[in-house]
Amino acid sequence: MSSYKKSSVLLMVTLCFVLLVSACGNQGNSNSTANSSSNATSKSDNATNSTNSNSKDEKIALTLMIAWADDAAAKLEEELIKEHFADKYDITFKTVDNNIAQTIKTTIASGNPVDLAFYWTDAMDAFVDADMALDLTPYLEANNGEWKDTFLDGSLDVATYNGKIYAVPSVPVYPMIEANKELLDQAGVTISDEPTWEEFVTVLATVKEKLGIIPFGLNSSWANWPVRENLMSIWPEEEQVTAWSNGEIPFTDPLVVEAFDEVKNLYDQEYVYPGKGALTVTLEQINVAWKAGKIAFKADVNFLAPQSIKDAGLENVQILSWPRMGPRNNVLAAGANGYMIPANVKHPEASIEVLKFLTSPEVLQHRADNNQPVAVKGVTSNDPNYELYSKDVVKAYSQKEITLLSPKIDEYIANKVPANYIFEGKAALEELEKLRLEAVSAK
Amino acid sequence: MSIKRWGSAALIRLMLILMAFVTIYPVLFTLITSFKTSDEFYSNLWALPSQINIENYIEAFKVGKFGDYLLNSVVLAATSLVSVTIIATFAAYALARLRVPFAGSIIGFLFVMQILPVESMIIPLYMMMSKLNLFDITYLPIGLAYLGWLLPGTIVILRNFFMSIPVELLESARIDGSGELSTMFRIVFPLAGGAVATCTVFNFAFVWGELMWARIATLTTEKGIPLSVGLINFQGQYTTNWGLMTAAICMVLIPLIVLFIFLQKYFVQGLTSGAVKG
Amino acid sequence: MKHGFTAQSLHSKTRMLGILFLVPAALFISFSSLIPIVWNFILSFAEWNGFSSMKMVGLDNYVTLFQDSVTMKGFRYSVFIAVVSSVIAMISGLFLALLVYRLGNREGTVFRLIFFTPSMMPFIVIGLLFTFILSPDMGLLNQFFRIIGLESLERAWLAEPGLVLWTIAVVSGWRGSGSVMMLLYTAIVTIPSSMFEAARLEGMNYSQQIRRIILPLIMPMIGLVSMLVLIGAFKTYDIVYSMTKGGPGDYSKIVPIQMLDVGFTFNEFGYAAAIGVIFTVLVSIIIFISRKVVRGDVYEY
Numbered sequence: 001m002s003s004y005k006k007s008s009v010l011l012m013v014t015l016c017f018v019l020l021v022s023a024c025g026n027q028g029n030s031n032s033t034a035n036s037s038s039n040a041t042s043k044s045d046n047a048t049n050s051t052n053s054n055s056k057d058e059k060i061a062l063t064l065m066i067a068w069a070d071d072a073a074a075k076l077e078e079e080l081i082k083e084h085f086a087d088k089y090d091i092t093f094k095t096v097d098n099n100i101a102q103t104i105k106t107t108i109a110s111g112n113p114v115d116l117a118f119y120w121t122d123a124m125d126a127f128v129d130a131d132m133a134l135d136l137t138p139y140l141e142a143n144n145g146e147w148k149d150t151f152l153d154g155s156l157d158v159a160t161y162n163g164k165i166y167a168v169p170s171v172p173v174y175p176m177i178e179a180n181k182e183l184l185d186q187a188g189v190t191i192s193d194e195p196t197w198e199e200f201v202t203v204l205a206t207v208k209e210k211l212g213i214i215p216f217g218l219n220s221s222w223a224n225w226p227v228r229e230n231l232m233s234i235w236p237e238e239e240q241v242t243a244w245s246n247g248e249i250p251f252t253d254p255l256v257v258e259a260f261d262e263v264k265n266l267y268d269q270e271y272v273y274p275g276k277g278a279l280t281v282t283l284e285q286i287n288v289a290w291k292a293g294k295i296a297f298k299a300d301v302n303f304l305a306p307q308s309i310k311d312a313g314l315e316n317v318q319i320l321s322w323p324r325m326g327p328r329n330n331v332l333a334a335g336a337n338g339y340m341i342p343a344n345v346k347h348p349e350a351s352i353e354v355l356k357f358l359t360s361p362e363v364l365q366h367r368a369d370n371n372q373p374v375a376v377k378g379v380t381s382n383d384p385n386y387e388l389y390s391k392d393v394v395k396a397y398s399q400k401e402i403t404l405l406s407p408k409i410d411e412y413i414a415n416k417v418p419a420n421y422i423f424e425g426k427a428a429l430e431e432l433e434k435l436r437l438e439a440v441s442a443k
Numbered sequence: 001m002s003i004k005r006w007g008s009a010a011l012i013r014l015m016l017i018l019m020a021f022v023t024i025y026p027v028l029f030t031l032i033t034s035f036k037t038s039d040e041f042y043s044n045l046w047a048l049p050s051q052i053n054i055e056n057y058i059e060a061f062k063v064g065k066f067g068d069y070l071l072n073s074v075v076l077a078a079t080s081l082v083s084v085t086i087i088a089t090f091a092a093y094a095l096a097r098l099r100v101p102f103a104g105s106i107i108g109f110l111f112v113m114q115i116l117p118v119e120s121m122i123i124p125l126y127m128m129m130s131k132l133n134l135f136d137i138t139y140l141p142i143g144l145a146y147l148g149w150l151l152p153g154t155i156v157i158l159r160n161f162f163m164s165i166p167v168e169l170l171e172s173a174r175i176d177g178s179g180e181l182s183t184m185f186r187i188v189f190p191l192a193g194g195a196v197a198t199c200t201v202f203n204f205a206f207v208w209g210e211l212m213w214a215r216i217a218t219l220t221t222e223k224g225i226p227l228s229v230g231l232i233n234f235q236g237q238y239t240t241n242w243g244l245m246t247a248a249i250c251m252v253l254i255p256l257i258v259l260f261i262f263l264q265k266y267f268v269q270g271l272t273s274g275a276v277k278g
Numbered sequence: 001m002k003h004g005f006t007a008q009s010l011h012s013k014t015r016m017l018g019i020l021f022l023v024p025a026a027l028f029i030s031f032s033s034l035i036p037i038v039w040n041f042i043l044s045f046a047e048w049n050g051f052s053s054m055k056m057v058g059l060d061n062y063v064t065l066f067q068d069s070v071t072m073k074g075f076r077y078s079v080f081i082a083v084v085s086s087v088i089a090m091i092s093g094l095f096l097a098l099l100v101y102r103l104g105n106r107e108g109t110v111f112r113l114i115f116f117t118p119s120m121m122p123f124i125v126i127g128l129l130f131t132f133i134l135s136p137d138m139g140l141l142n143q144f145f146r147i148i149g150l151e152s153l154e155r156a157w158l159a160e161p162g163l164v165l166w167t168i169a170v171v172s173g174w175r176g177s178g179s180v181m182m183l184l185y186t187a188i189v190t191i192p193s194s195m196f197e198a199a200r201l202e203g204m205n206y207s208q209q210i211r212r213i214i215l216p217l218i219m220p221m222i223g224l225v226s227m228l229v230l231i232g233a234f235k236t237y238d239i240v241y242s243m244t245k246g247g248p249g250d251y252s253k254i255v256p257i258q259m260l261d262v263g264f265t266f267n268e269f270g271y272a273a274a275i276g277v278i279f280t281v282l283v284s285i286i287i288f289i290s291r292k293v294v295r296g297d298v299y300e301y
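Line by line, the protein sequences are chains A, B and C. Just so we're aligned, residue 1 is where the first sequence starts under my numbering, counting upward by one. Just so we're aligned, residue 1 is where the second sequence starts under my numbering, counting upward by one. Just so we're aligned, residue 1 is where the third sequence starts under my numbering, counting upward by one.
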């Protein structure tokens, strides 16, 4: 028994000792660790971090977060990158998930940022606000704008703040609606490919009445789309749209109130599936309903539509542009999936090189082959559907959204709208107005 | 009297079965879904699968690199749990019976240590460990953090158990000339089996499922990635393949269940009359 | 006798040993818990966007905090959910422990395993499952009400302000009841069987045994567990996030979610740290109060 006692005290002391020693002993010496260090040699960031990579054999280690788990094209891109840069860089890939912003910021805050990350080009205010993103303008404009010209006109504008560009797009993303034509036929209605808001609401009412279903499937993450689109499309004059994006028009303007009211009406009249719980319905629930024929319209992202239609097994589907509230048909709030580089990366040149490769027409052609629209020129596709799912890209980048004014407005509109307006009415608009004034005065 | 006892046991059994069914439904749901294809799932959420389809499991294992992740999780769990148990047991005993000064305040302090959510601790810990270059060592950053987080709770629970051991028992041992350490090993620790086993189950569940810190800590390497982080690979931006995800989760749950069953023999009657009399 | 020890040297020897035993624990806890907490405390007096240097601003963050309605609401929601779910977890956990104990060891194991499974499930699946169970249209719960004819009870469980909090609290409580059951069961099991034998000889049935023997003896454990459950309930972030993401709007935006938003979305890490500090203070006060309420002496036997 005394041996039992001795051995456990010994164990405890050894444990602490080992942990302390390995912690201290690792200060300057990165490769001498106890566990499976045989593979660790070329991957340790620290050996190459303090000085620029000197010896020719030692490759720069990069960590890239570019692929979502459900993006097969991105997985392919990872392979291509690995192959292409096999001799130069030692690359670790990490999967992107919904906490990407948090992850990126944590690594930036610690001084050890990821080298390249997926991000939405229209949401970069979160990083720009704190100067966390690398200014890509010099690289884009080098050689007479060689790199910059490869991108679709206007697609870089959404990521431009104060004249500087902070992210580049790969896949343009805009909202659209899928319509189950069989249900529409049953209800005896038709709708044009580019409907107006009034037309859309009328059809919703008719379908609800005739078929007894709640016709519009819009999941909670995308619930802000109607508001954002209405706010973009309701202005009769071009200058007003610009003024609005710059935050010059107050949220209490009657047109703004009308935009919000129309959306509130959708929910009040229970046109949005499933009626009472519409504000927190998930995409899964919508998919179930879509497949079961319980909804006639499904709001979707442009490039996800083909898969959504296939998964639901529906044959007769009409692709609609998002309904517009005002007279002009040339504007659409949209964004893009793209990439950004943290401002304090260790090897900006390396990151840029990988980024250029990633956004080259050769690489992006693979996406086009799968019917995904891309944000660069020089990509071809023989599939007629390709046109169909990217037809609104031209409208997409003509104006900036007000959400780009400040992270707070962005967050409010992204997450709290329309719910706060529905429950609080004017008070929500007043909150937004306060945020707008804050943002404008900060500029 | 025997009939009455039998009756009440049956009633208890009935109530438990009802509640058990409600409770186990999520696990059943996960299991059922794991045998379905995505298509089937969206057609009818609640139905039984048309056929037992183990493709999801195979694919989850291959795509998800489950072999590696499983090993990592096991190593992480084993080292964390052993360390926490040892350190906490000694500390708890000290606070319970070894007349440490300010024991009460220390306990209060331990409670407060548990309040702040993990989210707040991520940045400072990441910065610290990154400056100390700890991220080069596999398992260490994660294990170290878990150790610090699990200790307060475990110490508090174990101390409570130690407090219920009669002081006279210990005093008599002391007077008999037994040193503190041998008292501990001969008398106290065997009695704490149940409490230690319970804490181990909780701590294991925590380590097994902790995601936020594990992900950030393994961001720059390919090694030492536990299962919880591996599950991220099944979650997409817009869609999740629930068949695969639930298959992965079932595989993740099995070790937990195995551990529970293995430890259950320790959840037995503690103090026997023998110890009290002796 | 070899050693001639006085009571005093024994006393101080014990003390030294005690302190020695505490050292390793203190080390690790300081590293992973204490230092981050202190860092947060200091940060709460500064303005930091995560990247540029920190700027000390004194009490500004705290002033903002008390004027920020979203944060204040968040505190209310957190308290509500924590208290309600803790009560549910404690009562059901205790109930289950008592019942399971009665059944003896073998059957008991199966039941205990079953009741513990909610705590083991990753929150992702719980989120998915419950959004479907609680779905207003095709969810099990509303369908159940329809079948038994109580249609008026149908609700949008996760979409009504107020109701959503109750729903989350119930789910959270259900999840925690397994852990409570485990701990209380272990406490009951340490009661020496001699007590129960004596009770049986006296002719007590089970419910009497519960009242006169079990409950008084495990009171201290009940007190301890309720505090742990309360702390855990305040911290739960994952299950709320996976069910509602803080929605609808910000009607279920509990404090951890708000902290993450303020920090990582608005880049106001100093303010987020201040929220964390106030949160810690608030929870400590509540723990202190509940400690007074559920007081229990430690019984030795």
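In this text, a Cβ means the ideal position worked out from N, Cα and C, and glycines have one as well. Because the structure is a prediction, the values reported are computed rather than measured.
### Query
Quick one: what does DSSP say T206(A) is sitting in, helix, strand or coil?
Within the first sequence, residue 206(A) is the residue found at index 206, counting from 1. Helix.
#### Entry: Cβ-based burial, A296(A) [other Cβ within 10 Å; buried from 16]
For the purposes of this step, residue 296(A) is identified with residue 296 of the first sequence, where counting begins at 1. Per the 10 Å Cβ criterion, buried.
### Task
Check whether the Cβ atoms of S155(A) and P169(A) sit closer than 7 Å, and answer yes or no.
Position 155 of the first sequence, counted from the start, is the residue given in the question as residue 155(A). Position 169 of the first sequence, counted from the start, is the residue given in the question as residue 169(A). Less than 7 Å divides the Cβ of S155(A) from the Cβ of P169(A).
#### Entry: Cross-strand partners of K298(A) (DSSP beta bridge)
Here the question's residue 298(A) lines up with position 298 in the first sequence. Paired residue(s): E178(A), G217(A).
#### Entry: Range of the contiguous beta strand (DSSP E) that encloses S290(C)
Walking along the third sequence from the start, residue 290(C) turns up at place 290. Looking at the DSSP string, S290(C) is not in any beta strand (DSSP E); the run it does join, the alpha helix (DSSP H), is 269 to 293.
### Task
Starting from the beta carbon of L150(C), find every residue of chain A whose beta carbon is closer than 9 Å, and list them in chain order.
For the purposes of this step, residue 150(C) is identified with residue 150 of the third sequence, where counting begins at 1. Those do not exist, as L150(C) stays about 16 Å from chain A at its closest Cβ, beyond 9 Å.
### Query
Name the DSSP bridge partner or partners of G335(A)?
By 1-based counting over the first sequence, the position of residue 335(A) is 335. In the DSSP output, where bridge partners are listed per residue, G335(A) has V173(A).
### Query
Looking only at C-alpha atoms, which of E411(A), L332(A), A289(A) sits nearest to V173(A)?
Taking the first sequence and counting its residues from 1, the one referred to as residue 173(A) is at position 173. Answer by Cα proximity: L332(A).
#### Entry: Inter-residue Cα distance where the pair is L31(B) and E315(A)
Within the second sequence, numbered from 1, the residue matching residue 31(B) stands at position 31. Within the first sequence, numbered from 1, the residue matching residue 315(A) stands at position 315. So the alpha carbons of these two residues sit roughly 32 Å apart.
### Message
With H, G and I counted as helix, E and B as strand and the rest as coil, what does DSSP make of L110(B)?
### Response
Taking the first residue of the second sequence as position 1, residue 110(B) is located at position 110. In the structure shown, L110(B) sits in a helix (DSSP, three-state: H, G or I).
### Task
Would you mind telling me which residues of chain A sit closer than 8 Å to I123(B), beta carbon to beta carbon, in chain order?
Start at 1 with the first residue of the second sequence, and residue 123(B) comes out as number 123. By Cβ distance, chain A contributes T106, A109, S110.
### Selection of the region 64 to 79 of chain B by Cβ proximity to chain E, strictly under 7 Å
No chain E is present in this structure, whose protein chains are A, B and C.
### Task
Kindly say whether G93(C), judged by its beta-carbon, lies nearer than 7 Å to any beta-carbon of chain A.
Along the third sequence, one-based indexing puts residue 93(C) at 93. No, G93(C) lies away from the interface with chain A (no Cβ there is under 7 Å from its Cβ).
### Message
So that I know if they touch, is there some Cβ in chain C lying closer than 7 Å to that of L219(B)?
### Response
Here residue 219(B) refers to the residue found at position 219 when the second sequence is read from its first residue. With 7 Å as the cut-off, L219(B) does not count as an interface residue toward chain C.
### Cβ-Cβ distance between G270(C) and L59(C) below 7 Å
As a first step, residue 270(C) is located in the third sequence; it is residue number 270 there, counting from the start. As a first step, residue 59(C) is located in the third sequence; it is residue number 59 there, counting from the start. No, Cβ-Cβ distance for G270(C) and L59(C) is not below 7 Å.
### Query
Would the region 112 to 123 of chain A and the region 391 to 398 of chain A be scored as touching if the rule is three or more Cβ pairs under 8 Å?
Fewer than three Cβ pairs drawn from the region 112 to 123 of chain A and the region 391 to 398 of chain A lie within less than 8 Å of each other, which leaves the two stretches out of contact.
### First through last residue of the alpha helix (DSSP H) which encompasses K75(A)
For the purposes of this step, residue 75(A) is taken as residue 75 along the first sequence, with counting starting at 1. In the DSSP assignment, K75(A) falls within the unbroken alpha helix (DSSP H) covering 72 to 84.
### Message
Please state whether the Cβ-Cβ distance between M54(C) and W48(C) is less than 7 Å.
### Response
For the purposes of this step, residue 54(C) is taken as residue 54 along the third sequence, with counting starting at 1. For the purposes of this step, residue 48(C) is taken as residue 48 along the third sequence, with counting starting at 1. Contact flag set, yes.
### Limits of the unbroken beta strand (DSSP E) element including W120(A)
As a first step, residue 120(A) must be located in the first sequence, where it is residue number 120. Residues 116 to 120.
#### Entry: Closer than 7 Å to chain C by CB, G277(A)
For the purposes of this step, residue 277(A) is taken as residue 277 along the first sequence, with counting starting at 1. Chain C, which has a Cβ nearer than 7 Å to the Cβ of G277(A), makes this yes.
### Host alpha helix (DSSP H) of I222(C) (start-end)
The sequence position of residue 222(C) within the third sequence is 222, counting from 1. Segment 215 to 235, the alpha helix (DSSP H) holding I222(C).
### Task
Determine whether the Cβ of V189(C) lies closer than 7 Å to any Cβ atom of chain B.
The residue you call residue 189(C) lines up with position 189 of the third sequence. Yes, its Cβ sits closer than 7 Å to a Cβ of chain B.
### Task
Would you please state the rounded distance, in angstroms, between the beta carbons of P226(B) and L76(B)? I believe it to be under 8 Å.
Here the question's residue 226(B) lines up with position 226 in the second sequence. Here the question's residue 76(B) lines up with position 76 in the second sequence. Indeed, because the Cβ distance is near 6 Å, the residues count as touching under 8 Å.
### Identity of the residue in A375(A), E229(A), S308(A), R328(A) nearest I413(A) by Cα
If you number the first sequence from 1, residue 413(A) lands on position 413. For I413(A), the nearest C-alpha among the options comes from E229(A).
### Query
Three-state secondary structure (DSSP) at R112(C)?
For the purposes of this step, residue 112(C) is identified with residue 112 of the third sequence, where counting begins at 1. In the structure shown, R112(C) falls within a helical segment according to DSSP collapsed to helix, strand and coil.
### Task
Just grab the DSSP bridge partners of Q235(B) for me.
For this step, residue 235(B) is matched to residue 235 along the second sequence. Assignment of beta-bridge partners to Q235(B) by DSSP yields T240(B).
### Query
DSSP state of L17(C), grouped into three classes?
Along the third sequence, one-based indexing puts residue 17(C) at 17. Reduced to three states, the DSSP call for L17(C) is helix.
### Message
Using 7 Å as the threshold, is the C-beta distance between M325(A) and W222(A) below it?
### Response
For this step, residue 325(A) is matched to residue 325 along the first sequence. For this step, residue 222(A) is matched to residue 222 along the first sequence. Taking 7 Å as the Cβ cut-off, M325(A) and W222(A) do not qualify as a contacting pair.
### Message
Counting beta carbon pairs with one atom in the region 348 to 363 of chain A and one in the region 67 to 81 of chain A, are three or more of them shorter than 8 Å?
### Response
yes
### Query
Taking the alpha carbon of L230(C) as the point to measure from, which residue in I278(C), S78(C), R146(C), R15(C) has its own alpha carbon closest?
For the purposes of this step, residue 230(C) is identified with residue 230 of the third sequence, where counting begins at 1. With distances taken between Cα atoms, L230(C) lies closest to S78(C).
### Task
Anything in chain A within Cβ reach of V148(B), meaning under 8 Å, just list it in chain order.
What you label residue 148(B) is simply residue 148 of the second sequence in a count that begins at 1. Note on residue identity: the sequence assigns Gly, not Val, to residue 148(B). Within chain A, no residue comes near G148(B); the closest Cβ sits about 11 Å away, beyond 8 Å.
### Query
Does the separation of the CB atoms of I165(A) and T137(A) fall below 7 Å?
For the purposes of this step, residue 165(A) is taken as residue 165 along the first sequence, with counting starting at 1. For the purposes of this step, residue 137(A) is taken as residue 137 along the first sequence, with counting starting at 1. For I165(A) and T137(A), yes; Cβs fall inside 7 Å.
### Under 9 Å by beta carbon: chain B residues contacting L304(A)
The sequence position of residue 304(A) within the first sequence is 304, counting from 1. What L304(A) touches in chain B: Y238, T239.
### Message
Out of I66(A), E58(A), K148(A), which one is the CA nearest neighbour of P361(A)?
### Response
Along the first sequence, one-based indexing puts residue 361(A) at 361. Ranking the options by Cα distance to P361(A), first place goes to K148(A).
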